[in-house]
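Chains as they are written, first to last, in our numbering: chain A, 30 to 380; chain B, 31 to 638.
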């Protein structure tokens, strides 16, 4: 983890967002991951997305579990509270934090080991509860910190660095999220920043659990010939079904687009990202179709990326719970105390 | 084996035990009976001895009436109501000599099922209710009410009080009042006609319950959470803690729901497992809410990773462990005090946690509030160690009261305004020298941002693998522990008023049995001083008590003498003076088990 302070150089003429902050204000400590690690690209995309969205860093909570991916919250948004929890349990801590303070902007960074093995249960239930969390899985098919074991997302037939072939089936977090009743499921590639940044923004804007699976190659243990999570393989075989080519500002006049050709995602300031469909027959609003499409392409060895499923009407956790709009932790005691009289009255029935 | 000899001529001093079949609705009849005695002003306690089953297995309910106010079990059964043919023989065997056994005489009984020293009272309950009521389900329920009626006649229980209770119970379903009263009358009139009523063992109105209530510990703990200002509860259902969250939620529905908008000023999450429940509590507490989880031993095992995490990262959190019989699944509907050590040192690595030890529902209420204040103040997980006996049984306690001037002690939390004035904030800096650093809440101020990590960290909050930096933090945690020693509730000492070398230490639900044992021992000239522990870590008063006595009996409900071990570990006492008195059958500890074993030990020592 980061123990080297990153120098912060300011110069006049730096671009500033509407809060007056430069992109450097959204950075964190120096990464201690391997040079070329896909995760560092995801970190850079997060920095850019938060800066462009002009989100106050102190409104954000950065949550993670254990693993290489889970170290990365130390590498962005120094001004935000970070929480490096225990292995596979990031979702529960995020759920608790959001229960206490529903207005926090939560981003959870996890990995394939953290979310699809030890944390599969918590992943499933965060999706099912639809907590308001951008849930990023930095997916490299391998356990890095323990030196190269297959993870649950390794494809059957994929080879480890030692040349061993994986025999077991792979868990696809996107297909899992869709079938678990998730409201937002997307996939991207750490090497495709143009696609990744808008998906991060869309995930942050989505009121609910936004699962974003990012294929993020491990340069040390899983970037060799025979791996299906390497840079080369992913570049070759990823196929995007959507592209975010339009960001409309909040005050733009709603122009009419051809019905069904775009997927709009509304951001916090009411501006809209429009994801244009590259595949004419792809329908991200149809669960069965999305699953069938993913399965068909998986069989062909293709990695489908883009905004793959969206149901923006699904009620978020607090809507389902009927929680007060004001964050619970901000209620002062006077508004929580039923009072001595109520206790007295209640006890009349205990005789 | 017959129980101890009964002295059935006692008025307002008896034990009624009712044996029924689980799922036949006897709970409401038994509550009715107990409440009737309570309203007659007689101190009572009810203990539900039930199986881990929904329907069909044998279940018992024990009501103890004690004009002196003793609330522990005794070895006695003065009146047995044997409604379950399956357990008839066992139930008969348990009746104290010269006691009474009431049974359903609708069918002939085997002659074998009799004892010369027990009075049998046959009442054709099934016949009577079958003639009066349909359908079958109603008959089953009314049979229970009818034995209450019979007991009213036999034991001189005020039927006006019973009627009043029935009217209150069915205030919303008035048409059920008359059938219930008819069933009472059926049992009552039959007993009156066929037996010499009242029996020598009977009730008589007194005024021993003024300003008292009947409540179970889980309900009281839920009230404590409500009044402490807890807003987030996360849990996974587990016997015997489930009713705590049920109670909290229903209290919140009533008192924390905006009457106009319906908005909830609370959030209860039923988690996917105890690991997640613990994570949610830690997350919510970190984000600034008062959060808690109720669970039992198996849940604590699952939560232990997060508990160690919260200890090391200094996040307040409140864990209720309503203990049940272990190890493993154990006996989920039976009671023990078997999680003391696993709570005190829960999780891997060097960890230790404050543990509060309520002795009854009143303390479940009060110590719940204390637990939240301590957790916030010490920034650490705090346990409230209750048990099934306290949590799920009805206890008579003095009315609870609340001081509206109470304000939660949120400990050292820097506000946005305070942060604004600071040059720099360091999460683990011991500014005040009490081992407790300052914390900040997410969403308040950029200057307060820090990174929580369960991995090695230094005083400033940064990651470290440096030996000195690591040690500096864990040594400070020990300083914080010393602060905790002076902050937890002190032990309660009761002196005998005589010079004595004998001390007794107990805690939690063993208290009632010790109080009665002390009384019995004193009557035979054995005097002992008593220290009731209310928390771990131990304060100076515990060391002083150990120093002052030559022999100290440690009474507790587990096999291994966990408090005995903890005292040896955490005080400077001569281990030879500690004598364990253990009870771990799963049924609440009876007072005679305590007094007899102390007597026996003293006799043995005298001979030696």
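Every residue gets a Cβ at the ideal spot worked out from N, C-alpha and C, and that includes glycine.
Below-8 Å beta-carbon distance, residue i vs any chain B residue
{"i": "residue 112 of chain A", "result": "yes"}
{"i": "residue 88 of chain A", "result": "yes"}
{"i": "residue 360 of chain A", "result": "yes"}
{"i": "residue 72 of chain A", "result": "no"}
{"i": "residue 209 of chain A", "result": "no"}
{"i": "residue 379 of chain A", "result": "yes"}
{"i": "residue 367 of chain A", "result": "yes"}
{"i": "residue 221 of chain A", "result": "no"}
{"i": "residue 118 of chain A", "result": "yes"}
{"i": "residue 183 of chain A", "result": "no"}
Cutoff 7 Å; reference residue i; Cβ partners in own chain excluding five residues on either side
{"i": "residue 387 of chain B", "result": "415, 537, 538, 563, 564, 565"}
{"i": "residue 281 of chain B", "result": "252, 253, 256"}
{"i": "residue 352 of chain A", "result": "131"}
{"i": "residue 297 of chain B", "result": "261, 262"}
{"i": "residue 180 of chain B", "result": "132, 153, 217, 218, 220, 221"}
{"i": "residue 175 of chain B", "result": "59, 210, 213, 214"}
{"i": "residue 332 of chain B", "result": "303, 304, 305"}
{"i": "residue 284 of chain A", "result": "Confidence is the limiting factor: at residue 284 of chain A the pLDDT is only 47, short of 50, which leaves the residue's position unreliable and the question unanswerable from this model."}
Extent of the continuous alpha helix (DSSP H) to which residue i belongs
{"i": "residue 586 of chain B", "result": "First-last for residue 586 of chain B: 581-586, but that is the beta strand (DSSP E), not the alpha helix (DSSP H)."}
{"i": "residue 310 of chain B", "result": "304-316"}
{"i": "residue 374 of chain A", "result": "369-376"}
{"i": "residue 36 of chain A", "result": "Premise fails: residue 36 of chain A is in no alpha helix (DSSP H) and is neither H nor E."}
{"i": "residue 98 of chain A", "result": "97-100"}
Cutoff 8 Å: residue i Cβ touching any chain A Cβ
{"i": "residue 69 of chain B", "result": "yes"}
{"i": "residue 467 of chain B", "result": "no"}
{"i": "residue 475 of chain B", "result": "yes"}
{"i": "residue 297 of chain B", "result": "yes"}
{"i": "residue 233 of chain B", "result": "no"}
{"i": "residue 283 of chain B", "result": "no"}
{"i": "residue 275 of chain B", "result": "no"}
{"i": "residue 441 of chain B", "result": "no"}
{"i": "residue 266 of chain B", "result": "no"}
{"i": "residue 8 of chain B", "result": "Within the shown structure, residues of chain B are numbered from 31 to 638, placing residue 8 of chain B beyond reach of any answer."}
{"i": "residue 310 of chain B", "result": "yes"}
{"i": "residue 438 of chain B", "result": "yes"}
{"i": "residue 331 of chain B", "result": "no"}
Same chain, Cβ closer than 6 Å to residue i, five either side skipped, listed in chain order
{"i": "residue 287 of chain B", "result": "294"}
{"i": "residue 446 of chain B", "result": "474, 475"}
{"i": "residue 92 of chain B", "result": "47, 77"}
{"i": "residue 340 of chain B", "result": "312, 347, 411"}
Cβ distance (whole Å) where residue i is taken to contact residue j below 8 Å
{"i": "residue 269 of chain B", "j": "residue 362 of chain B", "result": "5 Å"}
{"i": "residue 13 of chain B", "j": "residue 567 of chain B", "result": "This structure cannot settle anything about residue 13 of chain B, because the visible part of chain B is limited to 31 through 638."}
{"i": "residue 339 of chain A", "j": "residue 232 of chain A", "result": "Not a contact, Cβ separation roughly 10 Å."}
{"i": "residue 165 of chain A", "j": "residue 137 of chain A", "result": "7 Å"}
Bounding residues of the beta strand (DSSP E) (the contiguous stretch that carries residue i)
{"i": "residue 67 of chain A", "result": "Where residue 67 of chain A is concerned, there is no enclosing beta strand (DSSP E), although the alpha helix (DSSP H) it sits in stretches over 67-82."}
{"i": "residue 245 of chain B", "result": "242-245"}
{"i": "residue 413 of chain B", "result": "411-417"}
{"i": "residue 93 of chain A", "result": "89-93"}
{"i": "residue 217 of chain B", "result": "Segment 207-224 is the alpha helix (DSSP H) holding residue 217 of chain B; no beta strand (DSSP E) there."}
{"i": "residue 232 of chain A", "result": "First-last for residue 232 of chain A: 222-234, but that is the alpha helix (DSSP H), not the beta strand (DSSP E)."}
{"i": "residue 328 of chain B", "result": "That residue, residue 328 of chain B, is in no beta strand (DSSP E); its alpha helix (DSSP H) goes 327-343."}
{"i": "residue 350 of chain B", "result": "347-353"}
{"i": "residue 213 of chain A", "result": "213-218"}
{"i": "residue 90 of chain B", "result": "88-96"}
{"i": "residue 533 of chain B", "result": "532-537"}
{"i": "residue 522 of chain B", "result": "522-524"}
{"i": "residue 261 of chain B", "result": "No beta strand (DSSP E) holds residue 261 of chain B; DSSP gives it neither H nor E."}
Near the ligand NAP: residue i beta-carbon under 7 Å from a heavy atom
{"i": "residue 615 of chain B", "result": "In the structure on display, the ligand NAP does not appear, and there are no ligands present to speak of."}
Contact set for residue i: own chain, Cβ-Cβ below 8 Å, skip 5 residues either direction
{"i": "residue 198 of chain A", "result": "185"}
- Message: Can you confirm whether the segment 325-335 of chain A touches the segment 205-216 of chain A when touching is taken to mean that 3 or more C-beta pairs between the two stretches lie within less than 8 Å?
- Response: yes
- Within the chosen definition, does the segment 54-63 of chain A reach the segment 79-90 of chain A through at least 3 CB pairs nearer than 8 Å? yes
- Item | Contact between the segment 154-165 of chain A and the segment 113-131 of chain A (3+ Cβ pairs under 8 Å) | yes
- Stretch-stretch touch, CB-based, cutoff 8 Å, three pairs: the segment 79-87 of chain B with the segment 51-71 of chain B: yes
- Task: Determine, using beta-carbon pairs with one atom in the segment 250-261 of chain A and one in the segment 297-312 of chain A, whether at least three such pairs fall under 8 Å.
- Result: no
- Is the number of C-beta pairs between the segment 526-537 of chain B and the segment 498-518 of chain B that are closer than 8 Å three or more? no
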